Amino acid sequence: MLYFAGVIIFFALRVVLVPPTFGEIGWYRAESVGEIAGLQTKIGEEFRCFDCHITEYAEWSVGEHRNVSCESCHGLLKLHAENPEKYKGYDEFLSPEAFNSTIDFCLSCHGESISKPEHFPQISVKHSKSWDCLNCHNPHNPVGS
Ligand code: HEC
Ligand code: HEC
Ligand code: HEC
Ligand code: HEC
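Given below as structure tokens:
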């Protein structure tokens, strides 16, 4: 009796607890496919920045940072690119403003570390003699200018 009661309780709980579309396609909720596909992306596309920021884009595209996307430094700005009046070109987690200073911002990539490949340009804090990096480097074309 106990055994059969256990089996019945198991199947009753299973009906209640397993989400409706589970198992239709595979070992997961079939619904989740649509939910994930419907998520808004946050990354804009580089060429769209060009529409409005021609100066920065032109400098960037010939400089040493040309392989670092605008959004690696400025954050995820799709909403801004679509509607700059409403959304500022600013990301609170990933942008120069999110750091204490531009020095900290630049060093977040260029800080010396033994774990980085040797060919990656790395500097110590001494290099800037505590001047702001932007006194000598243009972030969009750090060597050329
Ligand atoms: C439709 C035009 C448009 C597009 C596309 C656009 N921006 Fe902007 N952006 C603006 C305007 C307008 C401002 C505000 C300028 C000002 O206030 O002087 C701005 C400001 C900025 C700022 C300065 C923010 C600040 O607070 O100082 C950054 C950084 C920026 N945009 C980055 C980007 C990036 C990266 C892209 C591509 C993903 C992009 N923008 C696409 C129009 C645009
Ligand atoms: C290596 C990092 C880096 C990359 C890559 C980068 N930026 Fe910037 N950008 C900066 C920094 C640093 C500033 C200066 C912020 C400040 O003065 O507070 C800046 C400033 C700006 C501003 C504001 C200019 C002003 O006069 O206020 C705009 C607009 C901008 N960037 C757009 C872009 C666009 C578009 C791209 C891609 C084509 C891009 N940036 C790529 C680091 C970067
Ligand atoms: C998101 C990471 C990132 C940030 C932030 C960043 N850089 Fe870079 N920087 C790079 C990469 C990647 C290269 C290209 C390295 C290569 O060619 O091997 C580079 C190249 C450079 C070079 C050329 C070095 C050489 O010997 O060719 C200079 C100078 C430079 N960055 C200065 C700056 C300054 C100043 C800032 C802050 C405004 C900054 N970087 C912020 C990633 C970054
Ligand atoms: C006083 C001016 C000045 C300041 C401030 C400055 N730099 Fe430089 N930086 C230079 C010069 C000049 C060179 C080229 C020197 C050389 O070829 O040895 C250089 C080279 C570099 C390089 C390339 C080094 C390499 O080995 O290839 C990087 C990366 C760099 N700077 C990043 C920064 C960062 C990040 C800051 C801020 C923390 C900064 N710089 C502040 C003048 C400056």
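Numbers in the numbering used here are just positions in the sequence shown, counted from 1, shifted up by 122. Idealized CB from N, CA, C, for every residue including glycine. All values reported here derive from a predicted model rather than from experimental measurement.
For Y179, same chain residues with a beta-carbon under 7 Å away, outside a window of 5 residues either side, are C171, F172 in chain order. In the structure shown, I165 falls within a coil segment according to DSSP collapsed to helix, strand and coil.
Taking a contact as a CB-CB distance under 8 Å, the pair D254 and S223 counts as one, their CB atoms being some 7 Å apart.
When C-alpha distances from S217 are compared across K200, E193, E207, the shortest belongs to E193. Look at R188 here: in three-state DSSP terms it is coil, with no helix or strand label. Between G185 and H262, the gap from beta carbon to beta carbon is short of 8 Å.
The beta carbon of F227 lies closer than 6 Å to those of P218, F221 in the same chain, with the five residues before and after it left out.
For the set G148, E240, E204, the Cα lying nearest the Cα of K164 is the one of E204. Taking Q244 as the centre and dropping the five residues before and after it, the same chain places the C-beta of H232, G233, E234, S235, K238 closer than 8 Å to its C-beta, in chain order. Relative to the non-hydrogen atoms of ligand 4, the Cβ of I158 never comes closer than 7 Å to any of them.
In this structure, the C-beta of N263 stays at least 7 Å away from each heavy atom of ligand 4. Considered as a whole, the segment 174-243 harbours no complete run of any beta strand (DSSP E) with no fewer than 3 residues.
Set against 7 Å, the gap from the CB of L161 to the closest heavy atom of ligand 4 is not smaller. Taking C-beta atoms as the reference points, L199 and G145 fail to come closer than 8 Å.
Ranked by how close their Cα comes to the Cα of C174, the residues E207, V129, I147, H241 have E207 in first place.
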